[in-house]
Amino acid sequence: MEIEKKQCDVLCVGGGIAGLMAAIRASELGAKVIVAEKSNTLRSGGGGVGNDHFQCYIPEVHGDFDYFWRELFYGQLAGMFLKMDTEYARYWFENTYDILKKWENWGIPMKYEGKYEFAGHGFPGKQLNHLKYSGQNQKPVLTRQALERGVEIVNRVMVFDLLKDQGGNIIGALGTSTREDKVVAFETKSVILGTGSCGYLYPPVTAGANNNRGWPMSLTGDGRAMAYRVGTALRDLELTDRHAGPKYFTRYGQATWVGVLKDRYGKPVGPFVTKPDKRYGDMTIEVSKGIFDEYKKSGRGPIYMDMTGISEKDLKYMLYWMINEGNPAVLNHLEEEGVDLRKASIEFGTFDMTVNGGIRTNYRGETGLKGLYAAGDDVWVTISHAATFGWSAGENAAKYAETVKLPDIGEARAEIEAKKAMLEEIRNREDGAKWQEALAALQQIMLDYCGYVRSESLLSAGIDIMGRLKNKAQTSLIAGNAHELMNCLQVLNLMDLGELVFISAYDRQETRGWHVRSDYTITNPLLSDKLHLVKQVDGKPVTEWIEVKR
Amino acid sequence: MPPIINGNLCSGCGKCVEVCPTDVFFGTKKKQTPAVTYPDECWHGNACVLDCPIKGAIKLRIPLTMMVIYK
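Listed in order, the protein sequences are those of chains A and B. The first sequence: position 45 = 45 (this note's numbering), numbered continuously. Counting from 1 along the second sequence, just add 1000 to a position and that's the residue number in this note's numbering.
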């Protein structure tokens, strides 16, 4: 394999919303910026085909900031806010208005029928904080803005490891082309990780069909795995999460549906709405995403999203936003099936388990390791967060880059050669496990030993098995081409994260949300204000509890 | 499994090959009708359909396992 070398001041790993916002800002400040994206920035990431909710504070709409701030502790963002340092959370919402004005100027429609429209993800009677916006073409718009500022976008390259110097500073990153056998070595003063969410660690809704997921198959937690391997802390990895939405077409965007969740006989299952209401949707799903699973298990299911009684105007409204939320494929499918949403009820289900915890950063996007920044779903999963902290990380990485010299990755020559040999081994091995097989093996272990019920005996057994599987995968994975090699590297990243989920789950001796410990059944209030970190020290994972800074 | 390309309408412009987030068209040669090399990796996100310049040249077939359940 040949090695291509590239140099920059700021390397954005992942060209989603966070990565592109970081690239735009860093470039504005004069930095030489490269975005390395394993798909194509035009349609990559969790927001690739669109989003329709931008969480934000608009002074002319919301008025008093402190009142708005208190109201944030209800609804979708509540859980997140309880775990966020106050300085970080306030920075987010003190900056969303500026960010949304930029998006508006660049051509992302942030208004609906001429005004700011807030709807969804909110309880009747409470202040709304989710702005409806037409995000279908947000990625082409952000890509254009980055290119106009001189950012170099390197599509179809997966960055799979970071390089440090002897002093522990970031000096580069290694990538592999997903289209041809080629290593790309980036020599850079700083790296911003923005690789998105982490699905795929647990089995999918449909047995064997990994593509039936809420996020595309490229969102495999690469940033978290790379951050851990260079010694940064990851937060609350064991607090895995489950989303919900239309069964069996696994797709997010539950708050875009304008209906009432009802049982088979038409009785609402939640207390919030009795008829379709476009302002609020049905918040039952956000209070309990597991309700669909609970109803099924107890024999009371199924539960349907019932649009009966929706007005023509509200139906049109809902369909418009479904398209912008990135769900046109669901609508096309319903149309082809002849489903009339005014009369039919769509069954909803609880989806697969995903990793919710992420890289620990401050509001500047700093990870604690010199030259390493992170933003977007690698940190916390949500849209305006990615935009705001991508911007912040880009600004701070560019300023940092001004203070250091361009490093020489020659210092890491041995490491680069070793990684290249590892890639070549996977490509040249004649017999072994394809990535699909290795991933299925990982997922069954995650589910059986660190799934819906966890305990010391299950977790300690699982940690042993994970260790064996990882070793085996490292010495037996095979790839027939560069595309399959990318998939193998994704699986190896997932295995690293899987092991950390086990270790973190073992150490959290309480039950919290989907982390259900049969041997520690109580949710310990003393841990509510704490973050659970895992970090590599002397080659081994070490956990630590720290206070959320209020 | 998806996507399905109408060879009579497709101009071979390569837009779908360029944008597909999961690269299901891996290995497609320039200016040729895209090869659906990895259908199992299609996420059914519709990026190819959205960005295709020719209406009807490409569409998704939703697999039976993903059929929406309704009453």
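Idealized CB from N, CA, C, for every residue including glycine.
For residue i, I'd like the list of residues in its chain whose CB is within less than 7 Å of its CB, leaving aside the five on either flank, ordered along the chain.
| i | result |
| --- | --- |
| A:Asp85 | Val548, Lys549 |
| A:Asp377 | Gly46, Gly196, Ser197, Ala386 |
| A:Asn169 | Lys370, Gly371 |
| A:Leu500 | Tyr228, Leu234, Leu237, Val534, Pro541 |
| A:Ala18 | Gly194, Ala375, Gly376, Ala386, Phe389, Gly390 |
| A:Asp282 | Gly259, Val260, Leu261, Gly270, Phe272, Val273 |
| A:Asp293 | Thr350 |
| A:Asn487 | Trp435 |
At 7 Å on the CB atoms, spell out the chain A contacts of residue i, in chain order.
| i | result |
| --- | --- |
| B:Ile1069 | Lys247, Tyr248, Glu347 |
| B:Thr1065 | Thr206, Ala209, Asn212, Tyr248 |
| B:Ala1047 | Arg43, Gly48, Val49 |
| B:Val1036 | Result: empty, since nearest Cβ-Cβ is about 13 Å, beyond 7 Å. |
| B:Leu1009 | By Cβ distance, chain A contributes nothing, its closest Cβ being about 17 Å from B:Leu1009, past 7 Å. |
Tell me which same chain residues have a C-beta within less than 6 Å of the C-beta of residue i, skipping the five on either side of it?
| i | result |
| --- | --- |
| B:Val1017 | Phe1025, Thr1028, Pro1034 |
| A:Leu458 | Tyr449 |
| A:Phe93 | Tyr57 |
| A:Asp222 | Thr195, Asn493 |
Could you check how far apart the C-beta atoms of residue i and residue j are, in whole angstroms? I think they sit under 8 Å.
| i | j | result |
| --- | --- | --- |
| A:Lys189 | A:Pro541 | Their Cβ separation, rounded to whole angstroms, is 28 Å, which puts A:Lys189 and A:Pro541 out of contact at 8 Å. |
| A:Val35 | A:Gly15 | 4 Å |
| A:Thr250 | A:Val205 | 5 Å |
| A:Ile503 | A:Leu469 | No, A:Ile503 and A:Leu469 are not in contact; Cβ-Cβ is about 15 Å, not under 8 Å. |
| A:Ile171 | A:Tyr373 | With 8 Å as the limit, A:Ile171 and A:Tyr373 do not qualify as a contact, their Cβ atoms being about 15 Å apart. |
| A:Met353 | A:Tyr506 | A:Met353 to A:Tyr506, Cβ: 17 Å. No contact. |
| A:Phe348 | A:Ile310 | About 16 Å separates the two Cβ atoms, so there is no contact after all. |
| A:Ala119 | A:Lys132 | 6 Å |
| A:Val516 | A:Val453 | 5 Å |
| A:Met1 | A:Lys182 | 6 Å |
| A:Gly175 | A:Val151 | Actually they do not touch by this definition, with Cβ atoms about 16 Å apart. |
| A:Phe54 | A:Ile383 | 6 Å |
| A:Arg149 | A:Ile24 | 6 Å |
| A:Gly368 | A:Ala26 | Not confirmed; about 20 Å, so no contact. |
| B:Leu1054 | B:Ser1011 | For clarity, residue 1054 of chain B is Ile in the given sequence; the question names Leu instead. Contact holds; Cβ gap of about 6 Å. |
| A:Gly498 | A:Met466 | 6 Å |
Indicate, with yes or no, if the ligand FMN has a heavy atom lying under 7 Å from the CB of residue i.
| i | result |
| --- | --- |
| A:Arg251 | Ligands displayed in this structure: none; no statement on the ligand FMN is therefore possible. |
List, in order along the chain, the chain A residues whose C-beta lies closer than 9 Å to that of residue i?
| i | result |
| --- | --- |
| B:Leu1060 | Ala329, Asn332, His333 |
Report the neighbours of residue i on chain B: residues whose CB is nearer than 9 Å to its CB, in chain order.
| i | result |
| --- | --- |
| A:Tyr449 | What A:Tyr449 touches in chain B: nothing, since even the nearest Cβ is about 26 Å away. |
| A:Arg342 | Result: empty, since nearest Cβ-Cβ is about 12 Å, beyond 9 Å. |
| A:Gly326 | Gly1045, Asn1046 |
| A:Val339 | Val1068, Tyr1070 |
Name the chain A residues whose beta carbon is nearer than 8 Å to that of residue i?
| i | result |
| --- | --- |
| B:Cys1042 | Asn211 |
Who are the neighbours of residue i on chain B, taking C-beta pairs under 7 Å?
| i | result |
| --- | --- |
| A:Met558 | Here chain A has residues from 1 to 550 only, and residue 558 of chain A is not among them. |
| A:Thr178 | Asp1023 |
| A:Tyr304 | Lys1071 |
What residues in its chain sit with their C-beta under 8 Å from that of residue i, if we drop five residues either side in the sequence?
| i | result |
| --- | --- |
| A:Arg90 | Trp69 |
| A:Trp545 | Leu527, Lys530, Leu531, His532, Leu533 |
| A:Ser455 | Arg517, Ser518, Asp519 |
| A:Arg413 | none |
Residue i touches chain B at which residues, Cβ-Cβ below 8 Å?
| i | result |
| --- | --- |
| A:Asn40 | Glu1018, Val1019, Cys1020, Pro1021 |
Within the segment 238–298 of chain A, ranges of the beta strand (DSSP E) (whole runs, at least 3 residues): 241–246, 260–263
Length-filtered (4 minimum) alpha helix (DSSP H) runs lying within the segment 324–408 of chain A: 328–336, 383–403
Which ranges does the alpha helix (DSSP H) cover as unbroken runs of at least 4 residues, wholly within the segment 36–70 of chain A, from first to last along the chain? Considered as a whole, the segment 36–70 of chain A harbours 59–62 as its complete alpha helix (DSSP H) runs of no fewer than 4 residues, in chain order.
For the segment 192–208 of chain A, list every residue whose C-beta sits within 8 Å of some C-beta in chain B, in sequence order. Thr206
Output needed in chain order: residues of the segment 478–493 of chain A with a Cβ under 7 Å from some Cβ in chain B. Listed by position along the chain: His483.
Listed in chain order, which residues of the segment 43–55 of chain A have Cβ atoms closer than 7 Å to some Cβ of chain B? Contact annotation: in the segment 43–55 of chain A, residues whose CB is within less than 7 Å of a CB in chain B are Arg43, Ser44, Gly48, Val49.
Contained alpha helix (DSSP H) runs [length at least 4] in the segment 438–501 of chain A, N- to C-terminal order: 456–476
Secondary structure, beta strand (DSSP E): runs of 3+ residues fully inside the segment 57–132 of chain A: 130–132
Taking the runs of the beta strand (DSSP E) that are 3 residues or longer, which of them lie wholly in the segment 505–537 of chain A? 530–537
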